[in-house]
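Novice: Please read through the structure below; I'll follow up with questions.
Numbering (the numbering used here), first residue to last: -15 to 232.
Here it is as structure tokens:
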């Protein structure tokens, strides 16, 4: 089986926003399967490898960064995802266990990743790792200390992120084997101690518009109409709590 049987919506949203900002200045490929990533690394060396980090792919994410670094130490490796401490001392310890990760995106990825790309295009990897980019942190290897930027403001209007379904970025993953995911809201009004969503600034609820979501659902339905697949996952923190959820 596949450990995580979902399409990579997380990285697709970040990639889709980056393409909106940079257009033809960048080229992006998405990967789900490690063997395909390895083949691509061997055939076309990237400038940047960006990976998601969760409890279920922690080792795999660092493996991917290690493969890139063994190919070329100048490849910028970026990691992001909820599997990351909230305390700075613990963040330092975490990054110490990930020697092939250059920089970590601490919260929402779209705006931070775009800022990292902007700096990289003007001054390369060294420019990124000599900056204090909002929403990210890294270990200064010379002074052996954590360098952390301020919190990057979250995207206020989620519809500003082009749908990675409608622009085709997720087409190869809608093959009937993986579960499509549709995110309808971000944020959570609660502050549970066990949850990373309890952080300040994440307590306001932001929604994709119903028109945006209806187009996503319709696109997914049409793509999967010739398969036996009929499951769509909604990863919201509290789906079913709001009036829009019933309509969806």
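Glycine included, every Cβ here is placed at the ideal spot set by N, Cα and C.
Return the CA-CA distance between residue 264 and residue 54, expressed in angstroms with no decimal places.
Specialist: The first residue shown for the chain is -15 and the last is 232, placing residue 264 beyond what the model contains.
Novice: Assign residue 37 to buried or exposed, taking buried as 16 or more other Cβ atoms, counted over all protein chains shown, within 10 Å of its Cβ.
Specialist: It counts as buried.
Novice: So, at 6 Å on beta carbons, what are the nonlocal neighbours of residue 174 in its own chain, with the 5 sequence-adjacent residues on each side left out?
Specialist: Excluding residues within five positions, none has a Cβ falling inside 6 Å.
Novice: Determine the closest residue to residue 191 out of 232, 210, 217, with distance taken between C-alpha atoms.
Specialist: Among 232, 210, 217, the Cα nearest to that of residue 191 is on 232.
Novice: Assuming residue 150 and residue 203 are in contact, meaning their beta carbons sit under 8 Å apart, how far apart are those beta carbons, in whole angstroms?
Specialist: Right, their Cβ atoms sit about 6 Å apart.
Novice: Name the residue from -5, 58, 28, 4 whose alpha carbon lies nearest to the alpha carbon of residue 34.
Specialist: Looking at the Cα atoms, -5 is the closest of the given residues.
Novice: Could you pull the start and end residues of the alpha helix (DSSP H) that residue 1 belongs to?
Specialist: Note, residue 1: alpha helix (DSSP H), -7 to 6.
Novice: Starting from residue 62, trace the alpha helix (DSSP H) in both directions and tell me its first and last residue.
Specialist: Here residue 62 belongs to no alpha helix (DSSP H); instead the beta strand (DSSP E) covers 60 to 64.
Novice: Please state the DSSP three-state secondary structure of residue 196.
Specialist: Residue state, collapsed to three classes: helix.
Novice: Taking the alpha carbon of residue 41 as the point to measure from, which residue in 199, 87, 65 has its own alpha carbon closest?
Specialist: Answer by Cα proximity: 65.
Novice: Does the separation of the CB atoms of residue 13 and residue 24 fall below 8 Å?
Specialist: The answer is yes: Cβ separation under 8 Å.
Novice: Considering only the alpha carbon of each residue, which of 167, 184, 210 lies closest to residue 229?
Specialist: When each option's Cα is compared against that of residue 229, the closest is 167.
Novice: Could you spell out the range, first to last residue, of the alpha helix (DSSP H) harbouring residue 75?
Specialist: Taken as a continuous stretch (DSSP letters only), the alpha helix (DSSP H) holding residue 75 covers 72 to 80.
Novice: For residue 197, which residues in the same chain have their Cβ closer than 8 Å to its Cβ, ignoring the five residues on either side in sequence?
Specialist: Here the set comprises 166, 168, 232.
Novice: Per DSSP, residue 163 forms a beta bridge with which residues?
Specialist: Bridge partners of residue 163: -10.
Novice: Assign residue 241 to one of two classes, buried (16 or more other C-beta atoms within 10 Å of its C-beta) or exposed (fewer than that).
Specialist: The question about residue 241 has no answer here: the residues shown for the chain are numbered -15 through 232.
Novice: When you compare each of 219, 75, 2, 51 to residue 26 by their alpha carbons, which one comes out closest?
Specialist: Ranking 219, 75, 2, 51 by Cα distance to residue 26 puts 51 first.
Novice: Residue 29: buried (16+ other C-beta within 10 angstroms of its C-beta) or exposed?
Specialist: So residue 29 counts as exposed.
Novice: Does the distance from the CB of residue 145 to the CB of residue 113 come in under 8 Å?
Specialist: No. Outside cutoff.
Novice: Rounding to the nearest angstrom, what Cα-Cα distance links residue 256 and residue 44 in this structure?
Specialist: As shown, the chain starts at -15 and ends at 232. That puts residue 256 outside it, with no answer to give.
Novice: Once DSSP output is grouped into helix, strand and coil, what is the label at residue 179?
Specialist: In the structure shown, residue 179 sits in coil (DSSP, three-state: anything other than H, G, I, E or B).
Novice: At what residues does the beta strand (DSSP E) containing residue 49 begin and finish?
Specialist: Premise fails: residue 49 lies in the alpha helix (DSSP H), 42 to 55, not in any beta strand (DSSP E).
Novice: Please report the straight-line C-alpha distance between residue 170 and residue 2, rounded to a whole angstrom.
Specialist: Rounded to whole angstroms, residue 170 to residue 2 spans 19 Å at the Cα level.
Novice: Do you know how far the Cα of residue 172 is from the Cα of residue 181?
Specialist: Straight-line Cα distance between these residues: approximately 6 Å.
Novice: Considering only DSSP beta bridges, list what residue 124 is partnered with.
Specialist: DSSP lists 129 as partners of residue 124.
Novice: Should residue 141 be labelled buried (16 or more other beta-carbon atoms within 10 Å of its own) or exposed?
Specialist: The residue in question, residue 141, is exposed, as its Cβ has fewer than 16 Cβ neighbours within 10 Å.
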